[in-house]
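Below is one structure, written out as structure tokens, with a few remarks after it.
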Amino acid sequence: MGVDNTPVENLMSTDLLTVTPDTKISEAADILLDQGVGSLVVLDSEGHLKGVLTSTDFVSVVSTNNSLYSGTVGDYMTEDVLTVSSTATLYDVAVKMFREDIQHLPVAGDKNEIVGMVSATDLTAQLAYMGSSGTD
């Protein structure tokens with residue numbers, strides 16, 4: 001199965017780390033570092049997607065704030081987040097990431113709930129695996 005028709009659900013991370021917009025930015029930084037991940041899904045109290053906070057967003061935190069101990073995730077998260085369907089292919093994901101210049105895409109299930117996350121690193125790892133195994 002080539003990358004063009006591999007479903008994203010075969011590659012996405014399903015162990016989502018979530019925070020709320022009210023989470024302290026310092027707490028979010030601790031989660032990213034402790035868990036070794038590059039993004040957090042931001043959900044409201046009802047579980048609806050409000051945004052994504054990535055390690056890149058911390059450039060804004062540092063450049064606009066004297067202290068990581070003030071501010072909330074809601075102050076720095078990316079809103080109006082693009083998502084991809086769990087039935088999309090890795091090719092679809094790669095095209096969307098390239099066109100939109102993004103590194104992380106939440107994956108939405110049948111009822112538009114967030115069921116996973118796929119990153120540019122995930123795509124790179126899959127391509128490396130396919131190359132080393134002679135699969136295309």
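Position 106 of the sequence shown, counting from 1, maps to 106 under UniProt numbering, and the rest follow consecutively.
Built from N, CA and C at the ideal position, the CB exists for glycine as well.
In this chain, the beta strand (DSSP E) harbouring A108 covers H104 to A108. CA-CA distance, T23 to V41, rounds to 12 Å.
Taking 7 Å as the cut-off, the Cβ atoms of L43 and T18 count as close. In this structure, DSSP gives V19 an extended state, which the three-state scheme calls strand.
L11 and G51 have their C-alpha atoms spaced approximately 21 Å apart. Look at V118 here: in three-state DSSP terms it is strand. Contact check between the segment 93-102 and the segment 114-133: three or more CB pairs, one atom from each, fall below 8 Å, which counts as touching. Taking H104 as the centre and dropping the five residues before and after it, the same chain places the C-beta of G38, S39, V52, T54, M117 and S119 closer than 7 Å to its C-beta, in chain order.
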